[in-house]
Each structure stands twice: as structure tokens, then as C-alpha cells.
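K.L.:
Residue numbers (our numbering), protein chains in the order written: chain H, 1487 to 1826; chain U, 1487 to 1826.
Protein chains: 2
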Amino acid sequence: MAEKVTIYDISKKLKISAATVSRALNDNPKISAKTRELVLKTAAEMNYKQNRLAQALKSGRTNNVGVIVPYINRSFFSSVIRGIEEELSPHGYHVIICQTHEDVNNEIKQIDTLLNTQVDGIFMSVAKTTQDTSHIKKALAENTPLVFFDRKKEVKGLSSVVIDDFRGGYLATEHLIKQGCKKIAHFSGDLNVEIYKNRHQGYLKALKDNGITPLKRFSLQVNSKLESGISAIKDLWEFDEKPDAIFSSSDYAALGAIQELKQMGIKIPKDVCVVGFSNEPFTKYMELPITSVDQTPLEMGKIAAQVFLEQIEGSQTLTVEKEVILAPKLFVRNSSNRKL
Amino acid sequence: MAEKVTIYDISKKLKISAATVSRALNDNPKISAKTRELVLKTAAEMNYKQNRLAQALKSGRTNNVGVIVPYINRSFFSSVIRGIEEELSPHGYHVIICQTHEDVNNEIKQIDTLLNTQVDGIFMSVAKTTQDTSHIKKALAENTPLVFFDRKKEVKGLSSVVIDDFRGGYLATEHLIKQGCKKIAHFSGDLNVEIYKNRHQGYLKALKDNGITPLKRFSLQVNSKLESGISAIKDLWEFDEKPDAIFSSSDYAALGAIQELKQMGIKIPKDVCVVGFSNEPFTKYMELPITSVDQTPLEMGKIAAQVFLEQIEGSQTLTVEKEVILAPKLFVRNSSNRKL
DNA sequence: TATATTTTTGTAATCGATTGCACTAATTTA
DNA sequence: TAAATTAGTGCAATCGATTACAAAAATATA
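1) Please classify U:Lys1498 as buried or exposed, where buried requires at least 16 other C-beta atoms within 10 Å of its C-beta.
2) Could you spell out the range, first to last residue, of the beta strand (DSSP E) harbouring H:Leu1747?
3) Decide if the stretch 1529 to 1546 of chain H is in contact with the stretch 1583 to 1600 of chain H; the criterion is three or more beta carbon pairs, one per stretch, under 8 Å apart.
4) Express the C-alpha separation of H:Pro1700 and U:Glu1571 in angstroms, rounding to a whole number.
5) Express the C-alpha separation of U:Asp1730 and U:Pro1783 in angstroms, rounding to a whole number.
6) Note down, in chain order, every chain U residue with its Cβ under 8 Å from the Cβ of H:Tyr1557.
7) Terminal residues of the continuous beta strand (DSSP E) containing U:His1672?
8) Out of U:Ala1658, U:Ser1734 and U:Gly1787, point me to the one whose CA is closest to H:Asn1559's CA.
9) By Cβ distance below 7 Å, which residues in the same chain neighbour H:Ser1508 in space, the five residues on each side in sequence not counted?
10) Quick check: what's the CA-CA separation for U:Lys1475 versus U:Val1612?
11) Mind listing which residues of the stretch 1534 to 1546 of chain U have their C-beta closer than 8 Å to chain H's C-betas, in chain order?
12) What residues from the stretch 1739 to 1772 of chain U come within 7 Å of chain H, judged by C-beta to C-beta, listed N to C?
13) Short of 8 Å in beta carbon distance, which residues of its chain neighbour U:Ala1739, apart from the five on each side in sequence? Order them along the chain.
14) Answer with yes or no whether the minimum CB distance from H:Glu1571 to chain U is below 8 Å.
15) In whole angstroms, what separates the C-alpha of H:Ile1698 from that of U:Thr1603?
16) Within 10 angstroms of its Cβ, does H:Asn1629 collect 16 or more other Cβ (buried), or is it exposed?
17) Check the Cβ-Cβ distances between H:Gln1585 and every residue of chain U, and say whether any is below 8 Å.
18) Please confirm whether H:His1661 has its beta-carbon closer than 8 Å to some beta-carbon of chain U.
19) What number of angstroms, rounded off, separates the C-alpha of U:Ser1735 from the C-alpha of H:Arg1547?
20) On the three-state DSSP scale, how would you describe H:Ser1821?
21) Taking Cβ to Cβ, would you say H:Ala1810 is nearer than 8 Å to H:Val1647?
22) To which residues of the same chain is H:Cys1759 closer than 6 Å at the C-beta, ignoring the five residues directly before and after it?
23) Using a C-beta cutoff of 8 Å, does H:Ile1798 count as contacting chain U?
24) State the Cα-Cα distance for the pair H:Leu1601 and H:Ser1518, rounded to the nearest angstrom.
25) DSSP state of H:Ala1529, grouped into three classes?
26) Starting from H:Phe1725, follow the beta strand (DSSP E) in both directions and report where the run begins and ends.
27) What residue range is occupied by the uninterrupted alpha helix (DSSP H) comprising U:Ala1504?
28) Going straight from the alpha carbon of H:Lys1639 to that of U:Arg1685, what length do you get?
29) Report the start-end ranges of each alpha helix (DSSP H) in the stretch 1636 to 1705 of chain H that is 4 residues or longer and not cut off at the edges.
30) Given this structure, state the Cα-to-Cα distance separating U:Val1525 from H:Leu1511, to the nearest angstrom.
31) Against chain U, does H:Met1487 count as a neighbour if the rule is that its beta carbon must be under 8 Å from one of theirs?
32) When burial is assigned at 16 or more other CB atoms within 10 Å of the CB, is H:Gly1654 buried or exposed?
33) Listing by chain order, which chain U residues have their CB less than 9 Å from the CB of H:Ile1582?
34) Check the Cβ-Cβ distances between U:Ser1565 and every residue of chain H, and say whether any is below 8 Å.
35) For U:Asp1651, count neighbouring Cβ atoms within 10 angstroms of its own Cβ and tell me buried if that reaches 16, exposed if not.
36) Are any of the Cβ atoms in chain U nearer than 8 Å to that of H:Thr1603?
So, in C-alpha cells, the structure goes:
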């Protein structure tokens, strides 16, 4: 119904040029105070709303940013997105979300369409399967800032915000050692994925630093699923020498481990301590709450947003990549706390 | 670096007009096959990408939709958003997310800026505090389709997709009755919020249909928090006549109830059965998995998206609101299953 | 009062794609 | 072969806001 009011409508009504109206609305100092007031007042009266599309076309800036994640309804990702949104929204940016379903092909498409819509920046956590980075470099070629979070790729000129997964692995393992555990098994994810590799490295280092020789057999590749945790425990317990602790790179696998261990009549944390990773919401709600490494997703999102803002507002020519590494936090809970 | 290629660049190179290029790219039948081929080939060679902003300005359509929710990192909302994204993405739409933090004032701002960015549609779940709907009517006034999901308001001309909360309450209560429970207490949310009121009504109806007179004292207003569930149980157990079942409108409060009941040495489900609402991810992971009413968020998102598409693609003049009511699903788990 | 200077405003091009209308070229019909 | 159609292109306006440049108005200076 209500036709959109444009600066031309205002200019006609006031019998001045659209240029003057535009300048008045933009607080251009060249406009007399009298005219500015009048325009502002009239604009308000006519319920004028700036057409951001026209503005975007002219300026080349849309005030939209894109976020690419595997699935937006994963607790971790949705929290990062929340962080990004809350940091950017006061600056007038809107957040567009895209899902890759862990498929590189979708990732390629999403980047393409985002660049096409002229987003001012892209945030992304790469799919697990992503190897080649040529699609990511397109953003660089088009001069669109791209910030990785959590799962990154090494691309010159692109910034990233991640947690120190090595440290996370180290912290978790060290904690287990302090609980008196000596035979600590590790459920890692796919070691081709950087974050899992780093957690694994942290685990190994903590063992070595404490004079424990890592057992090859104790490092298992386990999917991030409850069922995988269960079968991993079954596998481990086939041997005579049983672990006295599990450090899992996934909370889900940790949960599966706990269920299976209980099933076998093993006491937690007395016989076996368990630590997970990600601090999924459910970990703290369990009857036996699970110790887990928190990735501070909200903070990660906020900092990624800040990195983007710096890049956008800073001198565009001097674009140097920035690598932020956040400290993970260990939340000690009953699944590994023998000192209760 | 790489300057954007426009249709003018193509037209210059081929020495034809930009209009012809545009038509060729849009499969306009008035263009000769020869020219079309040539343009398409050249466009591909020059790596031409359509500027969606210019197109949007011209057509008035951005292919962006906005989604307004209280918090995007709540499991339910992020799943609905996922549903919307997956349904709309194949149609070329991008999803912009906005959070209200349950504050009407933010809601007002978000709607304003979304309309300003010319989104083609808005999906929203209203904040708990929202009473007045004048800000929502603005969308209607600007002819932007708005679809409510889960938490709606009665506004003529606006469609909604919700679950049948009454039925959810009824199902849960009926299930408890079938388990042999006769003194069923209900933790409701704020009864001014439609969804909670409906669940409560469903609860009352199920009781009546089964010849049970509802006890006023058994309907408590409980926040959606673990702690609130704990204290609600404490309150209830102050009286002599104890309930033999709890139907909570919140999974968190249900969890609190379970923890407190266990604390008091009460056996679940033998002495007391507990049912929650929302089917939060954690409910199925508990050692005592919690029976809960599922709201089918993914489906809700997809259907909301379909309603939007129908409205956009259908005859715009004949805009009749559509009210979709989805059937909730009861997931029976150990917290209420006496027949195991 | 005439000229120089500063303020303020207007004109017109621009961002990139789309499209009604007009015009030329090719084809059909008489 | 001339006239009437049809097919294929181009011109120019449009979407709404911004901005370099020019021009007019207001003020300052001589």
C-alpha cells in the first residue's frame, strides 16, 4: 500500500533538489542548518526510510556479512554466530547464514553467491573435507575480508580466530594425570583435520612432559558420535591392559564411553576418568556431569567480528592477516574429579 | 584487484548493446540463438558475475529473507532456522538472522532495519514480552510477507506455523495417565504466553477427559530453568498430598525436578513419572532419559518457508493468511515409562 | 558600490541491470 | 517485386542515493 518515500518525494515537497536532501540527511557540512532541519523534519513527517539497496549499489557496501558453517544448529556454531551477530549488529551489519553440510561443493557455491551478493565480509569454519583452497582465495581476489574461525586453512592474507587446540588437549591430559591417571587413551577425530591433530599433539606432549610413554594403541580415531564412543570402549577393553582414563575429542564419544563403561560395571571417576571436548550443553546436565574443554564460542564469534571490523575500517591497503588464538577452558566435573 | 565485470564490459567487447547482453543472459526469447551463445560464452570467459544489488534495486527484490528469534543459539530456534535455510536456499534466497534477546524494543528495531534492507520476507518468533503488534503490522503495510513460527500474534493477513501446543499438553498428560498416574502436577510457563497457556489447557482437558479433577495447587508457574524445577518440587512436596507425576512445559525444569526428586530418594518412574517439553538434545542423553514433547523444529522451519514461497509466488493480490498447525510428537523415555 | 570570497544549492553523471518503445533487418505473403 | 509480418537490436529511461563540478546566493573586503 504505502508507496516508499524517496529523497525525490522530499525534494519535490520542499522544492529543493534531491542532492540537497541527500546531503542534509547525511549531515554534510555544506548544508545550511536551516535547510538541514527542514529536511530532517520533513523526512520524519513523511516517514522516509533510506533505501539501503540504492545506497549499497552506489557505495559498493551492503552492510551484510556472510557466515559459512557446516550446520547452524550445532550448539558450537550457533553460539559463534550469536557472538558475531551481537558484535556486528551495533555497527549496522546484518548476518547472512549459510550451511555447507560438511561438503566442499556447497562451500564453493556459498562463497560464490555470497561474493555475488556483495557481502562486506565472510566468516567461515571450513568443512571437514575441504582440502583445496582456491574457492576461498576468490574472496581475497575480490578484496572481501574473510575470517576463519575454529576450522581454518592456511591462506596468506586471511585472518583466523581459533582456540588453542593443542593447549586444550594438553590441559585435559594434564588434568587427568593430576587425578592420578597413568594409562590415558585418546579418542581423536580425523587427524587430517587440523583441530583434531592439534588436540592429539597436546595429548602426546602432556604425556611426555610427565614421563608417560604414549601407547600407539591408546590413540583411536573415533567419530563424534555416541555410538562410536561405545564401540571404541569395546575395542579398547579387548586387550588386557586397560586404560584408566579417556580423553575424547568429542563430548558425544565421551558420553558413549561413559555409558559403555557403566554398562561394564566400571566406576567413574574411581576406575576410569573421562574428559570430553567442546563443553556441549548436555555435559553439565548429566547425572554424572562430564568434564570438558570449553571453546568459548561466543567470545570466538565476537573476536572474529572485531578482526573483521579492524580490517574493514583500517587502511584497506595494509591488509595483514591476523591470527588470534584463544585459550580453551577446562570445566572440571564429576566424570574426572576424584577429589570430590 | 580483479575489477568486477559488468554487462557493459561484455557489450563493449562484442560491440553490441548492453540491453542485448542483458537479454541474452536472461534467456529472453527475442534474442537470436547465435547472439545468445556468443554472449554466454564471452560472459563465462570474462568471468562475469551478475551484480545482485543492481538487479535488486531494479526489481525491488533482494532474495534475502530475515529471521527474527529471541536467541539463535537456542537449540529449537537454530533448528527452525536450519529448516528455513535448507528450504529456501535452493530457491536462491539468503537468510539474515536477528536476535531480540526477548526484548520488544529490539524486535521493533529489527523489523525496521529488515524492511529497510528490503528483505523479501520475514520469519519471526515473537519475544515473550511482546504485547502490542503495531511494529509487526508495518511489514504488512509494506507488503512484505511475514510468517510467524512457534510464537505468534493474531494479526489479520499474517500466516503462522506453530505446533499444536494444546495437543502436546494433552498427549503428555494422557501418556502419564496411561502410566497409572493420577495426581499429575504441571509446570507451566508464563500463562500470558499463548504456547504455555495452550499446553496448560491441554493438560487440563486430558485430566477432565479421564475423570480427574485438576488441583489448582498442582499448576505451578515455573521458569524454564533447572533451578526453578528444583524449587518447584520443593514447594510441591511441602504438602501432604504429593503428585505422582510432573508434566513440565520446559525440559530444563523437568531436569531440575528429576534431580531434586532423586535427591529426596524418590524413584523415577516408579514413584513419580516426569515428562518435559521441547525434546532438547540433552533429554535423550541422560542416564535416565527424559520423556519429552518434540516440536519438530526442522519441519516447522521448512513449512514456514513453504508458506512464504506460496505467498511470494502466488497471486500477490489474493493474500490470505494461512495457519499451519503441526502435530507434536511425544518421545517416551525412561523418566515416564513404567512398562520397561 | 564593485569585486572577491565563502556558503549553499543545483545539474548531471554514476553505480549495474532491466525493459518499453522504436527501429532495422530478415522473412513471409500477396 | 512490393507490402506486410516477424525477428532481432538499440536507445534511453528507470530503480534511489551519492557526489564532482558548476552555478547561484550570501557575505566579506576593498
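Glycine residues also receive a C-beta, built at the ideal position from the N, C-alpha and C atoms.
As the structure is a computational prediction, the values presented were derived from the model and not from experiment.
P.N.:
Looking at the coordinates:
1) As a working mapping, residue 1498 of chain U is identified with position 12 in the second sequence. Label assigned to U:Lys1498: exposed.
2) As a working note, residue 1747 of chain H is residue 261 in the first sequence. Here H:Leu1747 belongs to no beta strand (DSSP E); instead the alpha helix (DSSP H) covers Asp1737 to Gln1749.
3) These segments do not touch.
4) As a position in the second sequence, residue 1571 of chain U is number 85, starting the count at 1. As a position in the first sequence, residue 1700 of chain H is number 214, starting the count at 1. If I take the Cα positions, the gap works out to 45 Å.
5) As a working note, residue 1783 of chain U is residue 297 in the second sequence. As a working note, residue 1730 of chain U is residue 244 in the second sequence. Cα-Cα distance, rounded: 30 Å.
6) Your numbering for residue 1557 of chain H matches position 71 in the first sequence. Against H:Tyr1557, the close residues of chain U are Arg1568, in the order they occur along the chain (beta-carbon pairs closer than 8 Å).
7) Counting from 1 along the second sequence, the entry for residue 1672 of chain U is found at position 186. In the DSSP annotation of this structure, the continuous segment of the beta strand (DSSP E) that includes U:His1672 starts and ends at Ile1670 to Ser1674.
8) By one-based count along the first sequence, residue 1559 of chain H stands at place 73. Ranking U:Ala1658, U:Ser1734 and U:Gly1787 by CA distance to the CA of H:Asn1559 puts U:Gly1787 first.
9) Here residue 1508 of chain H refers to the residue found at position 22 when the first sequence is read from its first residue. Result list for H:Ser1508: Ile1493, in chain order.
10) The structure shown does not extend to residue 1475 of chain U, since chain U is modelled only from 1487 through 1826, so no value can be given for it.
11) So the list reads Lys1535, Gln1536, Asn1537, Arg1538, Leu1539, Ala1540, Ala1542 and Leu1543, given in the order they occur along the chain.
12) So the close ones are Leu1741, Pro1767, Phe1768, Tyr1771 and Met1772.
13) Your numbering for residue 1739 of chain U matches position 253 in the second sequence. The residues are Phe1673, Val1708, Asn1709, Ser1710, Lys1711, Leu1712, Ser1714, Gly1715, Ala1718 and Gly1762.
14) Mapped onto the first sequence, residue 1571 of chain H falls at position 85. The C-beta of H:Glu1571 comes closer than 8 Å to at least one C-beta of chain U.
15) As a first step, residue 1698 of chain H must be located in the first sequence, where it is residue number 212. As a first step, residue 1603 of chain U must be located in the second sequence, where it is residue number 117. Cα to Cα, H:Ile1698 sits roughly 59 Å from U:Thr1603.
16) Taking the first residue of the first sequence as 1, we reach residue 1629 of chain H at position 143. Under this definition H:Asn1629 is an exposed residue.
17) Numbered from its first residue, the first sequence carries residue 1585 of chain H at position 99. It does: the Cβ of H:Gln1585 has a partner Cβ on chain U nearer than 8 Å.
18) On the first sequence, position 175 is the one that residue 1661 of chain H refers to. Taking Cβ atoms only, chain U never reaches closer than 8 Å to H:His1661, which makes this a no.
19) Here residue 1735 of chain U refers to the residue found at position 249 of the second sequence. Here residue 1547 of chain H refers to the residue found at position 61 of the first sequence. Cα-Cα distance, rounded: 45 Å.
20) Position 335 of the first sequence, counting from 1, holds the residue named residue 1821 of chain H. DSSP, reduced to helix, strand and coil, places H:Ser1821 outside both helices and strands of the structure shown, so it counts as coil.
21) As a working note, residue 1810 of chain H is residue 324 in the first sequence. As a working note, residue 1647 of chain H is residue 161 in the first sequence. The sequence as given places Val at residue 1810 of chain H; Ala does not occur at that position. A contact, by the Cβ cut-off of 8 Å.
22) Here residue 1759 of chain H refers to the residue found at position 273 when the first sequence is read from its first residue. Cβ within range, chain order: Leu1662, Gln1665, Cys1667, Ala1731 and Ser1822.
23) Mapped onto the first sequence, residue 1798 of chain H falls at position 312. The beta carbon of H:Ile1798 does not come within 8 Å of any beta carbon belonging to chain U, so the residue lies off that interface.
24) On the first sequence, position 115 is the one that residue 1601 of chain H refers to. On the first sequence, position 32 is the one that residue 1518 of chain H refers to. Each residue's alpha carbon lies about 40 Å from the other.
25) The residue labelled residue 1529 of chain H in the question sits at position 43 within the first sequence. DSSP places H:Ala1529 in the helix class (H, G or I) of the three-state scheme.
26) Position 239 of the first sequence, counted from the start, is the residue given in the question as residue 1725 of chain H. Counting along the chain, H:Phe1725 falls outside any beta strand (DSSP E), and DSSP gives it neither H nor E.
27) Working through the second sequence from its first residue, we reach residue 1504 of chain U at position 18. Going by DSSP, U:Ala1504 is part of the alpha helix (DSSP H) stretching over Ala1504 to Leu1511.
28) Locating residue 1639 of chain H in the first sequence gives position 153, where the first residue counts as 1. Locating residue 1685 of chain U in the second sequence gives position 199, where the first residue counts as 1. When rounded, the distance between both Cα atoms is 48 Å.
29) As for any alpha helix (DSSP H) of minimum length 4 sitting wholly inside the stretch 1636 to 1705 of chain H, the runs are 1651 to 1664 and 1680 to 1695, ordered along the chain.
30) For the purposes of this step, residue 1525 of chain U is taken as the residue at position 39 of the second sequence. For the purposes of this step, residue 1511 of chain H is taken as the residue at position 25 of the first sequence. Whole-angstrom Cα-Cα distance: 42 Å.
31) For the purposes of this step, residue 1487 of chain H is taken as residue 1 along the first sequence, with counting starting at 1. Low confidence applies to H:Met1487: its pLDDT is 44, below 50, so where it sits in the model is not reliable, and the reading given next is rough at best. Interface residue, yes.
32) Against the first sequence, residue 1654 of chain H aligns to sequence position 168. If you draw a 10 Å sphere on the C-beta of H:Gly1654, you find 16 or more other C-beta atoms in it, and that means buried.
33) On the first sequence, residue 1582 of chain H is found 96 positions in, with the first residue counted as 1. Contact of H:Ile1582 with chain U by beta-carbon distance below 9 Å involves Asn1550, His1580, Val1581, Ile1582 and Ile1583.
34) Walking along the second sequence from the start, residue 1565 of chain U turns up at place 79. Yes, its Cβ sits closer than 8 Å to a Cβ of chain H.
35) Position 165 of the second sequence, counted from the start, is the residue given in the question as residue 1651 of chain U. Classification of U:Asp1651: buried, given that the 10 Å Cβ count is 16 or more.
36) Walking along the first sequence from the start, residue 1603 of chain H turns up at place 117. Answer yes: the Cβ-Cβ gap between H:Thr1603 and chain U drops below 8 Å somewhere.
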